[in-house]
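In my numbering, the protein residues as written are 648 to 995.
Even for Gly, the Cβ is constructed at its ideal location relative to N, Cα and C.
Because the structure is a prediction, the values reported are computed rather than measured.
To start, the structure itself, in structure tokens.
What follows is the structure, given as structure tokens:
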């Protein structure tokens, strides 16, 4: 067996796999989205890129959506990198310690909500040379990844490495992720690709379906009712059918925006329709977070819309008669164990 040799990678820590080295090389050339199935080493690729950034004197900020994921990444990176210290930054980190960690650690692994809090206190993500975004498919709508990446990209000097095993299922959703993260390259692999196949011999992938808990189903029903109301209003305006998809809504918004300058007498009604369609998209994103990431991600998203109300579309969502019902249901749903994690424990 041959191992990766690098001054900042522990000896014998990383087996040499050509596809991982190839992807890391791309990521060092420009902002890159890496799409790999679970088990093919996205974190290892991130560590390879980090090692080179650290070697030339840069610093790294890695984002992960939950504290358990942050802790997992910190443990993995400490086993791979010769970099001290590798620091955790989450809601449980004492506020008095956060500035020291932010300024002093070569590698900081953080939840996005904590980074947003740091930004409000004047700290800038662009103080880092590399921004690694785990579960990058979340970088849509008002999720915290979006404003963090926006500020990082404004500086224009750093690199973004985005990681996901489950990219958006629609072309419009993928485009939004690429736009929000300033992605230049996409590196996608499956176990069937020639440079991956030698490393997955004998691996069997089996899809296991998990039932959604009762409180999650109740929340999903409420969100679907809200979305149905918004789509019905858009249908009454003659803009979409009641069965409109996310792609339909995205195309509608672009079309309406394109008409703003040419139909000056209708700017008010066009703008109102844009906000209504955007509100529908936000509810659709909440449903996606619930169905793919779980109640915690959905609750965080709804709570942020409720607290911040950055746009007219946010207010439309929050002012819907069922929104507070959904928010309460989401809070209750978080208390139920994530069925995916429970199933995973039973399998391993």
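- A check of alpha carbon separations from residue 668 across 698, 658 and 685 identifies 698 as the nearest.
- Contact annotation: residue 678 and residue 877 have beta-carbon atoms that are not nearer than 9 angstroms.
- Counting every other CB atom within 10 Å of its CB across the protein chains shown gives residue 823 a total of 16 or more, marking it as buried.
- Taking C-beta atoms as the reference points, residue 806 and residue 773 fail to come closer than 9 angstroms.
- Distance between residue 967 and residue 787, taken at the CA atoms: about 22 angstroms.
- Secondary structure at residue 884: coil, using DSSP grouped into helix, strand and coil.
- In chain order, 920 place their CB closer than 7 angstroms to the CB of residue 884, counting only its own chain and leaving out the 5 sequence neighbours on each side.
- Note that the C-beta distance between residue 727 and residue 779 is not below 9 angstroms.
- Under a 10 Å Cβ-count criterion, residue 911 is classified as exposed, with fewer than 16 other Cβ atoms of the shown protein chains found around its own Cβ.
- About 5 angstroms separates the beta carbons of residue 674 and residue 696, which is inside the 8 angstroms limit, making them a contact pair.
- For residue 921, the three-state secondary structure derived from DSSP is helix.
- Taking 9 angstroms as the cut-off, the beta carbon of residue 977 is found closer than this to the beta carbon of residue 950.
- Distance from the CA of residue 974 to the CA of residue 946, rounded to the nearest whole angstrom, comes to 7 angstroms.
- About 7 angstroms separates the Cβ atoms of residue 867 and residue 934, confirming a contact at the 8 angstroms cut-off.
- Residue nearest to residue 917 within the set 904, 855, 801 and 747 is 904 (criterion: CA-CA distance).
- Taken through DSSP and simplified to helix, strand or coil, residue 679 comes out as strand.
- Residue state for residue 809 is assigned as strand, using DSSP reduced to three classes.
- Secondary structure in the region 694-779: the alpha helix (DSSP H) runs of 4 residues or longer, each lying completely within the stretch, are 714-727, 745-751 and 759-767 in chain order.
- Distance check between residue 716 and each of 836, 940 and 682 places 940 closest, using alpha-carbon atoms only.
- Leaving aside the five residues that flank residue 825 on each side, the residues in its chain whose CB is nearer than 8 angstroms to its CB run, in chain order, 680 and 833.
- Taking C-beta atoms as the reference points, residue 706 and residue 655 fail to come closer than 9 angstroms.
- Non-local beta-carbon contacts of residue 897 in its own chain, meaning distances under 6 angstroms to residues more than five positions away in sequence, involve 819 in chain order.
- Excluding the 5 residues flanking it on each side, residue 752 has same chain C-beta neighbours closer than 8 angstroms at 706, 732, 733 and 734, in chain order.
- Residue 746 sits exposed, since fewer than 16 C-beta atoms from the chains shown fall within 10 Å of its C-beta.
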